[in-house]
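Trainee: Below you'll find the structure I mean.
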Amino acid sequence: MKQKAEVQTKKMFSDFLRDNPTFLYDNPDILENLYLPHSTGSAISLVERQVSLLRERNSELRSRLNILNSKAEENELLLAKTQSLILKLLDANSLSKLAKNLLTGLQDDFSIEFCSLILFGEKQKISGARFVNYDQAEKEIASILKTEILCGAVRDNELKFLFGKEGPSVGSIAAIVIKLDTPLAVLSIGHRDANFYTPATGTMFLSYLGNVLNRLLGSFIALKEASN
Numbered sequence: 057m058k059q060k061a062e063v064q065t066k067k068m069f070s071d072f073l074r075d076n077p078t079f080l081y082d083n084p085d086i087l088e089n090l091y092l093p094h095s096t097g098s099a100i101s102l103v104e105r106q107v108s109l110l111r112e113r114n115s116e117l118r119s120r121l122n123i124l125n126s127k128a129e130e131n132e133l134l135l136a137k138t139q140s141l142i143l144k145l146l147d148a149n150s151l152s153k154l155a156k157n158l159l160t161g162l163q164d165d166f167s168i169e170f171c172s173l174i175l176f177g178e179k180q181k182i183s184g185a186r187f188v189n190y191d192q193a194e195k196e197i198a199s200i201l202k203t204e205i206l207c208g209a210v211r212d213n214e215l216k217f218l219f220g221k222e223g224p225s226v227g228s229i230a231a232i233v234i235k236l237d238t239p240l241a242v243l244s245i246g247h248r249d250a251n252f253y254t255p256a257t258g259t260m261f262l263s264y265l266g267n268v269l270n271r272l273l274g275s276f277i278a279l280k281e282a283s284n
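Note that the working numbering has the sequence shown beginning at 57, numbered continuously upward.
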């Protein structure tokens with residue numbers, strides 16, 4: 057019975073303070089005599105405890121603000137690099153130049169060590185990319201062609217097909233199928249760390265780049281077909 061009465065009293069007191077948030081401010085004599093146990097074993101006043109909590113909250117807010125500022129700077133840098141890469145792609149006046157600007161931009165501006173651009177069609181010699189028959193690609197990288205965007209680890213034979221002699225050094229990849237009505241190409245980037253690219257990796261940048269390449273590759277292929 058006594059315990060129940062204590063619980064009710066505590067609840068009434070808590071409700072009273074919630075309903076009258078300025079009560080302690082209006083009665084400083086009570087506030088000054090309230091003490092709380094401290095982790096050190098000593099007691100501190102309620103005012104000191106409030107000051108301590110405010111400092112902790114301010115520190116937490118500063119940390120969050122620093123993280124937000126850091127993310128904003130990272131996003132701004134990524135945007136600038138992306139704009140620079142897109143401009144380089146738009147400046148290309150040939151398929152060979154497009155492939156070269158793409159791979160050079162990814163390696164230099166984004167510090168991507170392993171890059172691969174495979175185009176589907178009749179074999180041609182162009183700098184920075186290679187042509188393969190689509191039927192051959194279906195046999196070697198069917199899982200990539202089906203998913204359109206794939207991030208993670210893939211089989212050794214797929215790495216060899218995508219990156220050639222550099223394949224054994226690649227631990228994980230991010231790959232996108234570039235297509236209009238039919239697949240035009242596969243762009244792949246790789247990292248030595250097997251856990252660097254995973255199914256949880258964001259694909260917004262790769263999707264955006266793929267959309268740009270859809271238009272540009274489609275234009276060059278249309279011009280080539282018109283000239284034949």
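Virtual Cβ for every residue (Gly too), placed ideally from N, Cα, C. Just so we're clear, the structure is a prediction, and the values are computed from it rather than from any experiment.
What is the rounded straight-line gap between the Cα of Asp71 and the Cα of Glu62?
Mentor: Numbered from 1 along the sequence shown, position 15 holds the residue referred to as residue 71. Numbered from 1 along the sequence shown, position 6 holds the residue referred to as residue 62. About 14 Å.
Trainee: Could you pull the DSSP bridge partners for Ser228 from this structure?
Mentor: Here residue 228 refers to the residue found at position 172 when the sequence shown is read from its first residue. DSSP, once it has assigned bridges, lists His247 as partnering Ser228.
Trainee: Please state if the CB of Pro239 and the CB of Cys207 are separated by a distance shorter than 7 Å.
Mentor: In the sequence shown, counting from the first residue as 1, residue 207 sits at position 151. In the sequence shown, counting from the first residue as 1, residue 239 sits at position 183. No, the pair does not count as a contact, with Cβ atoms beyond the cut-off.
Trainee: Taking its Cβ as the centre, do 16 or more other Cβ atoms sit within 10 Å of Glu116, making it buried, or is it exposed?
Mentor: Mapped onto the sequence shown, residue 116 falls at position 60. It is exposed - the Cβ of Glu116 has fewer than 16 other Cβ atoms within 10 Å.
Trainee: Would you report the Cα separation of Leu151 and Leu175, rounded to the nearest angstrom?
Mentor: By one-based count along the sequence shown, residue 151 stands at place 95. By one-based count along the sequence shown, residue 175 stands at place 119. In a straight line, the C-alpha of Leu151 is about 10 Å away from that of Leu175.
Trainee: If distances are taken between C-alpha atoms only, which option among Tyr264, Ser108, Val242, Ala155 comes closest to Leu134?
Mentor: Working through the sequence shown from its first residue, we reach residue 134 at position 78. With distances taken between Cα atoms, Leu134 lies closest to Tyr264.
Trainee: Looking only at its own chain, which residues have a Cβ that is under 7 Å from the Cβ of Glu194, when we skip the five neighbours before and after it?
Mentor: Residue mapping note: residue 194 aligns to position 138 of the sequence shown, counting from 1. Excluding sequence neighbours, Glu194 sits near Leu201.
Trainee: For the candidate residues Gly161, Ser126, Glu196, Lys127, whose alpha-carbon lies nearest to that of Leu143?
Mentor: The residue given as residue 143 occupies position 87 in the sequence shown. Measuring from the Cα of Leu143, the nearest candidate turns out to be Gly161.
Trainee: On a CA-only basis, which of Gly266, Thr78, Arg271, Pro224 is nearest Ala231? Give me that one, please.
Mentor: The sequence position of residue 231 within the sequence shown is 175, counting from 1. Selected option, being the one with the closest Cα: Gly266.
Trainee: Work out the CA separation of Thr203 and Leu146 for me, nearest whole Å.
Mentor: The residue you call residue 146 lines up with position 90 of the sequence shown. The residue you call residue 203 lines up with position 147 of the sequence shown. The straight-line gap from Cα to Cα measures roughly 27 Å.
Trainee: Can you grab the Cα-Cα spacing for the pair Glu222 / Asp164, in whole Å?
Mentor: Looking up residue 222 in the sequence shown gives position 166. Looking up residue 164 in the sequence shown gives position 108. Cα-Cα distance, rounded: 18 Å.
Trainee: Mind checking which residues open and close the alpha helix (DSSP H) that includes Ile200?
Mentor: As a position in the sequence shown, residue 200 is number 144, starting the count at 1. 198-203 is the span of the alpha helix (DSSP H), which, as asked, contains Ile200.
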